[in-house]
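So the structure is just underneath, and the comments pick up after that.
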Amino acid sequence: MRPFAFKRPAGAEAAVKLVAANKDARFIAGGTNLIDLMKEGVDRPNELVDISRVSLNLIRSLGGNGVSIGALAKNTDTANHPLIRQGFPLLTQAILSGASPQIRNMATNGGNLMQRTRCSYFYDLGTPCNKRQPGSGCGAKDGLNRYSAIFGWSDSCVAVHPSDMCVALAALDATVRIRTVAGGERKMNFTAFHRLPGDMPELDNNLSHGEMILSIDIPANRFQANSYYLKIRDRSSYAFALVSVAVGLEIDKGVIKNARIALGGVAHKPWRAEEAERFIEGKQADAAVFQQAAELALRGAKPLSENGYKVKLAQRAIARALRRAANV
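Using this note's numbering, read the sequence shown as starting at -7 and increasing by one per residue.
Now the structure itself:
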């Protein structure tokens, strides 16, 4: 690990100024991803700005408008908070399916959003990776791509986003509240926060350098009784998703009034299956409808040489998650 300066500012404003002034500075809180990247030489900041003591760990009700979860609240505290367990059980399920208890006890919500891909080419300094070194090529595209994307990839990058929490947040129509470099605040729809790779795969999200996540706000919904998070992986713990599905349904007398479906492990960002959502709204909650929706959700998939299995796997996972959410 290369030498770096370590600073601990008093508040969010000072932290933003420090990072914005140095292109090689990084925020650090739990450090569960960044420290690994630094040890491997993938990320080489010359300055770490510790924000772990900034007061952004509050989880609070927005009245009848939903809930706000602080960027520095720990994943474990978020998953087990009564407001989340009772009002947004989908988020609890997703968080608890990720990583390990030890990591969830350290990892923060903002850090979860900012974590980087686990693509093996990204971590291996001896292989080409446009995300790590722009212009070097994408080793995974024609290489070992069993874990890679089937949606939204480009010739520059086929990596997938690793988060479970973010898949649920995409399904829950969350927004991200951000401290800007200029000193104000802005909000961004969660589905716009992460990027597809295009020809700039080194950019994971649409934050400007120095901007800091303050909170993630989730609007009120009626998915409490009918939601489910399903994660398919190679082993039962401490593994990233081959495919994951977050489903929220509002059902009235057997009819689906409102639906949300998001996928993980299939794209550079959490992937909303909006066409499938529209298809099932207004229909009876039954297995046949769910199977049709699952097939529709994967219609635009473009598998690579080694990950064609993800198409059928995702279809089956969507249909199963919908059935579990609807209790049919």
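The C-beta atom is built at its ideal place from N, Cα and C for all residues, glycine as well.
Using beta-carbon positions only, say whether aspartate 156 and tyrosine 221 come within less than 9 Å of one another.
yes
Among Ser140, Ser207, Ala318 and Leu105, nearest to cysteine 323 - alpha-carbon criterion:
Because the chain spans -7 through 320 in this model, residue 323 falls outside it and cannot be assessed.
Going by beta-carbon coordinates alone, are serine 207 and valine 237 separated by less than 9 Å?
no
Enclosing beta strand (DSSP E) for alanine 238 [first to last residue]
235 to 244
Residues that histidine 73 bridges to, as DSSP identifies them
Answer is none; histidine 73 lacks a bridge partner.
Given a threshold of 16 other Cβ atoms within 10 Å of its Cβ, counted over all protein chains shown, does methionine 30 qualify as buried or as exposed?
buried
Report the residue from Tyr230, His201, Ala63 and Gly240 whose alpha carbon sits nearest the alpha carbon of arginine 214.
Gly240
For serine 92 and serine 229, believed in contact at Cβ under 8 Å, the rounded distance:
7 Å
Assuming glutamate 273 contacts isoleucine 248 (C-beta within less than 8 Å), just tell me the rounded distance between them.
With a contact defined as Cβ atoms closer than 8 Å, glutamate 273 and isoleucine 248 qualify at about 6 Å.
Going by CA-CA distance only, name the one from His260, Gly58, Arg108 and Lys223 that's closest to arginine 312.
Lys223
Exposed unless 16 or more other CB atoms sit within 10 angstroms - verdict on glutamine 107:
buried
Pick from Ala2, Ile27, Ala7 and Ala13 that is closest to proline -5, judged by C-alpha positions:
Ile27
For glycine 292 and isoleucine 121, the rounded distance between their alpha carbons
Looking at the sequence itself, residue 121 is cysteine, so the reference to isoleucine does not match. Distance between the alpha carbons of cysteine 121 and glycine 292 is about 25 Å.
8 Å Cβ shell around isoleucine 170 - same chain, five flanking residues per side excluded
Close CB contacts of isoleucine 170 within its chain, under the 8 Å cut and outside five residues either way in sequence, are with Glu177, Arg178, Lys179, Met180, Leu199, Glu203, Met204, Ile205 and Leu206 (chain order).
Rounding to the nearest angstrom, what Cα-Cα distance links lysine 302 and phenylalanine -2 in this structure?
42 Å
On a CA-only basis, which of Leu75, Ala277, Ala6 and Ala289 is nearest arginine 316? Give me that one, please.
If you compare the alpha carbons of Leu75, Ala277, Ala6 and Ala289 with that of arginine 316, the shortest gap goes to Ala277.
Ordered along the chain, which non-local residues of its own chain (more than five positions away) have a Cβ less than 7 Å from that of alanine 86?
Asp156, Met157, Val159, Ala160, Tyr221 and Ala238
Should asparagine 57 go down as buried or exposed, given a rule of 16 or more other Cβ atoms within 10 Å for buried?
exposed
Determine the contact status of alanine 259 and phenylalanine 143, defining contact as a CB-CB distance below 9 Å.
Pairing alanine 259 with phenylalanine 143 gives a Cβ-Cβ distance under 9 Å.
Okay, do the region 112 to 127 and the region 46 to 56 touch, 3+ Cβ pairs below 8 Å being the bar?
no
Which residues in the same chain as proline 154 place their Cβ atom closer than 7 Å to its Cβ, once the five residues preceding and following it in sequence are excluded?
Cβ neighbours of proline 154 beyond the five flanking positions: Gln107, Thr109, Arg110 and Phe232.
Should proline 211 go down as buried or exposed, given a rule of 16 or more other Cβ atoms within 10 Å for buried?
exposed
Check whether asparagine 218 and glutamate 242 have beta carbons under 9 Å apart:
Their beta carbons are under 9 Å apart, which means asparagine 218 touches glutamate 242 by this criterion.
Threshold first: 4 residues or longer. Then list the alpha helix (DSSP H) segments lying entirely within the region 162 to 195, N to C.
182 to 185
Roughly how many angstroms lie between the CA atoms of proline 74 and leucine 64, to the nearest whole one?
18 Å
Quick one: Cα of leucine 88 to Cα of arginine 138, how far?
Going by the C-alpha atoms only, they are around 25 Å apart.
By Cβ distance below 7 Å, which residues in the same chain neighbour glutamate 131 in space, the five residues on each side in sequence not counted?
Looking at the sequence shown, residue 131 is not glutamate but glycine. Counting only Cβ-Cβ distances below 7 Å, and skipping sequence neighbours, we find Tyr113, Thr119, Pro120 and Cys121.
Proximity to valine 46 [Cα-Cα], best of Gly23, Glu39, Ala6 and Ala280:
Ala6
Best match in Val152, Glu39, Arg96 and Ala251 for proximity to phenylalanine 321 [C-alpha to C-alpha]:
Nothing can be reported for residue 321: it is not among the residues displayed for the chain, which extend from -7 to 320.
Which of the three DSSP states is assigned to asparagine 319 in this structure?
coil
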